[in-house]
Amino acid sequence: MVRWHLKMTDIEVTIDEMLTPYPETVKKNRKKHLIIKDEAATCCPQIEANTRTIPGIISQRGCAYAGCKGVVVGPIKDMVTITHGPVGCGYYSWGTRRNKARADDTTPKDKIYSQLCFTTDMQEPDIVFGGEKKLARMIDEIVETFHPRAINICATCPVGLIGDDIGAVAKAAEERYGIQVLAYNCEGYKGVSQSAGHHIANNNVMEKIVGTGNERKPGKHVINILGEYNIGGDGWELERIIKEIGYTVNCVLTGDSSYLDIKNLHLADLNLVQCHRSINYIAEMMETKYGTPWLKVNFIGIESTNNSLRQIARCFDDEELARKTEEVIARETARIGPVLDQYRKILQGRTAFAIVGGSRSHHYQYLLHDLGMEMIIAGYEFAHRDDYEGRQVIPTIKTDADSKNIPELHLVADQKMFQEAHVHLNMSKEKFEELKTKVPFNYYEGIYPNMKSGQVIIDDANHHEVEVLIQTVKPDLFLSGVRDKYIVHKMGVASKQLHAYDYSGPYAGYNGAINFARDVVNALTTPAWKLITPPWEKEPEIRSEFNA
Amino acid sequence: MLECVPEGASGHTTGKINPAKTCQPIGAMYAALGIHGCLPHSHGSQGCCAYHRMHLTRHFRDPVLASSSSFTEGTSVFGGAANLKTSIKNVFQIYNPEIMAVHTTCLSETIGDDIPNILKQAEIPEGKIVIHVNTPSYQGSHITGFSGMVKAMVSYLAQSDGGEKKDQLNVIPGFVNPGDMREIHRIVSELGVKLIMFPDTSDVLDSPLTSKYEMYPEGGATIAEIRDSANSSATIALGAFASNDAADLLQEKFGVTGIPLKLPIGLKATDDFLMAIKDWFGVTVPKSLAVERGQVIDTLIDTHFHYQGKTVAIFGDPDHVIALTEFALTMGMVPKYILTGTPGKQFDVEIQKLLKDARIEGSKVKAEGDLFELHQWIKEEKVDLIIGTTYGKYIARAEDIPLVRVGFPVIDRAVHPLMPVVGYRGCLRLIEQISNALLERRDRDCLDEDYELIL
């Protein structure tokens, strides 16, 4: 099998050249965000992450509002989410993340609001005299018009600056209407990226919604899937597989989720964590407050889906579950195997970069591997050190001026509802202790262990770096967001959007693997790649060969 | 689809539900991309820049580069001067543009950053230029931001050489696609008049794929051209909302006669555009353009029964909507609902005049409206067709009405940024799109026995 490895020296030279045009301070800063994997090293070298982007650098990063409204709370289908601010923020986060939602047993079609955009559209007088009254008035009109079950208010930059007390507006509205109104102080300048917004959203959802319901869904093994946003229908593919095995899916947070389901989030036996970066706070806080154990899973890729399913089954002492798990794995793997084999013939030995998000680059390494491909450069837009190095580094991460402004909730065990992990999983303490040696509960190892010597990890990569790396290392495929996609195409390299999947999907689970493989094959083999050079510019000998 | 939207009038008047506009900075960013060798710069937190780049990229499916001052909470408290100065230093050293075009955001506006003062203190490399515009997101819309940046091009760059006015024309094309700008170039060059057009995103946002990536593509109005706009004999401002301010400034500051026109979308507006150039420069309209016009007339006569008398809702940016309404009337259609998200009384005045001249009564017209309201109007009384941006697709599906996509943004269909809707060729494209949408609907809905080979 052909495996593509960068020579240590080559890549070092490339990176050195890449850093050369930088001013000294920028160079010093950016060096710390880069690691070349060395398998001989005993542990992961420290990478700088979740620190400020240098002004003027063309970064991929967004803001706290994007992380809070755009990622975490926007997809909750039966809540009206009001963006309090000038029109842009609400507008750009309207329908652009492809979080699919549909009616279900408890949420009829007329209670779904996630395809609408609500913004207070603040005007200059609101900035000068305050926007609280306008916000309150809009809530009144929304309640009167839509009768939603609950409302979110997401703040944008000017709201914090002018001192609008959205918490007070929310509280007053709760008293007026008897429904929950949540205020998120996710102003865009908070933190250093979307990541701050994830945390702010997690805090509020955990503190205000989780635990307020008391309806446990029927079923022997009830689980939550946290950090799955149902982009392109990923969550639905996971539900298909997981339900068939015999689990009850209590809630997918927040893809196709409902406020009603989130209220009951604590009534599950186990939390699965798909996107660690955006939702690990809730997983951790639920462990503290309710004792619910969590398990990092990855449903991107066949082997990783199979491994995740086996890990989940191990958490419950249930032979039938284990049997059914193997049955589904065997059937699904056999079903898609021949299709993937065809795609693998085309993709074998090809290389990719993935510079995206805060978890996806790691997840897609497994799917690429299934397809015979190798991710030689991997990076995140807004990850923290633990996403690279593993959660064991969390206690050593220093709080800086930007992160200390994001409140940390210090929860304690709930006197009534806390149960120890083994009780959640319905097994003896001894059995659970033994299980813990096999199943890494409440842990994430980060991307580093899965990478190979000479491969590169890059944090908060910017336009200059992407340009140099693509032109020097020349991967076959670039996985990133829409802002990079067409830049990369202009360089003659195929590119797929890993946030929006180029409007395809699902990419998770078994069916997702096929979709992804098909889309990547199409991206690499679309006939136009071979037609870039016009015939009149071709060398005469090549031309004659062509004619022959 | 949209089952939550109630039947009948609602009490919604506050804020926007499903806005039909967005904020100023994205318009400023788009305009700046129409200067050759320019890197737009967003002075605010990086989320704004990320969103604007994302949205423009989705519409054009081409690279959109821009930098940000990357504000943090500390910057918001202490002011953005240091971040802007650092940005300027880094941008010129790393990305090396000819010119940086700074626009503000609601963040830097609210804290009151004094951009001209900061620029005075910044280290701008010899021979490089930084211009700026204030684009508070809480005023106007993306069209206001576009207009502001074009005006800033004039105020920073235009320079009279003191001599007589040159026999050349400035065109400010408005917030239109690169394909439209390319078409305006072609029309003016057919008329044999020397043209300075700014901004000009042709060959920037419709650039070819050659495997050789250029951060600053070939296109864009050059700084020298924009400088020389002060010496032109006239400026045609296409679309009052997007283009008049810059033309007014050229007139006021340099005595360049401003000629305000509609966007040349539709037959009459294109006629007006040609006539203005003909009259001003005394040129003859060449046969090639006369043939194109004749083809439009021929098509209108030949196909009128596909669309005449049909009711239509038109929404989008004001300059587009005004011109599209005029063309819908030329086509014999009945514009029933006409809405823009951008504020401005002039919108109502212009549309009412068009409707009155066409003797159409009972239409609803609104500036600074939203699509929730448009949806409610449509629920009250349906129309046969919607013309607007991609955001109309939810209403189109909910109410089962065909949608013709025109304007910004169109983010669910490709190729449109390269295909002009301006000029006579643009008329043909619009007639084709509108006819096809209605005919597809007829084919879809009719009984088998009514399904016909020829239409």
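Residue numbers (our numbering), protein chains in the order written: chain A, 1 to 548; chain B, 549 to 1003.
Don't be surprised by glycine CBs; every beta carbon is placed ideally from N, CA and C.
Asked                                                                                                                             : Found
C-beta atoms of residue 504 of chain A and residue 232 of chain A nearer than 8 angstroms                                         : yes
Local Cβ density within 10 Å of residue 606 of chain B, reported as buried at 16 or more and exposed below that                   : buried
Residue 970 of chain B - DSSP class collapsed to helix/strand/coil                                                                : strand
C-alpha gap between residue 831 of chain B and residue 715 of chain B, whole angstroms                                            : 12 angstroms
Proximity winner among A:283, A:174 and A:190, relative to residue 50 of chain A (alpha-carbon distances)                         : A:190
Positions along the segment 115-132 of chain A whose CB lies within less than 8 angstroms of some CB in chain B                   : 115, 116, 117, 118, 119, 120, 121, 122, 123, 124, 126 and 127
Same chain, Cβ closer than 6 angstroms to residue 35 of chain A, five either side skipped, listed in chain order                  : 45, 47 and 457
Residues within the segment 398-417 of chain A neighbouring chain B, beta-carbon criterion of under 8 angstroms                   : 401, 402 and 405
Expected contact under 8 angstroms - CB spacing of residue 987 of chain B and residue 976 of chain B to nearest Å                 : That belief does not hold up - the Cβ atoms of residue 987 of chain B and residue 976 of chain B are roughly 16 angstroms apart, past 8 angstroms.
Residue 284 of chain A burial status per 10 Å Cβ neighbour count (16 or more: buried)                                             : buried
Within-8 angstroms CB hit, residue 863 of chain B to chain E                                                                      : Looking at the structure shown, chain E is missing, and the protein chains on hand are A and B.
Per-residue burial, residue 909 of chain B [other beta carbons within 10 Å of its own, 16 or more giving buried]                  : exposed
8 angstroms Cβ cut-off: residues of chain A touching residue 637 of chain B                                                       : 23 and 56
Member of B:634, B:890 and B:816 whose CA lies at the smallest distance from the CA of residue 619 of chain B                     : B:634
Cβ-Cβ distance between residue 376 of chain A and residue 353 of chain A below 8 angstroms                                        : yes
Any beta strand (DSSP E) of 3 or more consecutive residues that is wholly inside the segment 431-498 of chain A                   : 456-459, 477-480 and 494-497
Local conformation of residue 861 of chain B per DSSP, three classes                                                              : strand
Residue 433 of chain A: CB within 7 angstroms of a non-hydrogen atom of the ligand HEM                                            : Summarising the ligand content, the structure contains no ligands, and the ligand HEM is consequently not present.
DSSP-derived helix/strand/coil call for residue 416 of chain A                                                                    : coil
Sub-8 angstroms separation of residue 188 of chain A and residue 157 of chain A beta-carbons                                      : yes
Best match in B:930, B:585 and B:604 for proximity to residue 690 of chain B [C-alpha to C-alpha]                                 : B:604
DSSP state of residue 252 of chain A mapped onto helix, strand, coil                                                              : strand
Amino acids of chain B, ordered along the chain, whose beta-carbon sits closer than 8 angstroms to that of residue 110 of chain A : 551 and 552
Under 7 angstroms from the C-beta of residue 603 of chain B: neighbouring residues of chain A                                     : 92
Cβ shell of residue 1004 of chain B (< 6 angstroms), same chain only, five flanking positions each side left out                  : Since the displayed chain B opens at 549 and closes at 1003, residue 1004 of chain B lies outside it and no answer follows.
Inter-residue spacing [alpha-carbon to alpha-carbon] between residue 945 of chain B and residue 565 of chain B                    : 18 angstroms
Beta-ladder partner(s) of residue 567 of chain B, from DSSP                                                                       : B:918
Bridge-paired residues (DSSP) for residue 231 of chain A                                                                          : A:99
Contact set between residue 621 of chain B and chain A, taken where Cβ atoms lie within less than 9 angstroms                     : 160, 187, 189, 190, 191, 401, 402 and 405
Length of the line joining the Cα atoms of residue 692 of chain B and residue 1000 of chain B                                     : 48 angstroms
Cβ-based burial, residue 280 of chain A [other Cβ within 10 Å; buried from 16]                                                    : buried
Proximity to residue 291 of chain A [Cα-Cα], best of A:68, A:228, A:416 and A:350                                                 : A:416
Residue 561 of chain B - DSSP class collapsed to helix/strand/coil                                                                : coil
Chain A residues whose Cβ lies nearer than 7 angstroms to that of residue 667 of chain B                                          : Near residue 667 of chain B there are no residues of chain A at all, since even the closest Cβ is about 14 angstroms away, more than 7 angstroms.
Supposed contact pair residue 699 of chain B and residue 794 of chain B - C-beta distance, whole angstroms, cut 8 angstroms       : 5 angstroms
Identity of the residue in A:450, A:192, A:17 and A:146 nearest residue 381 of chain A by Cα                                      : A:192
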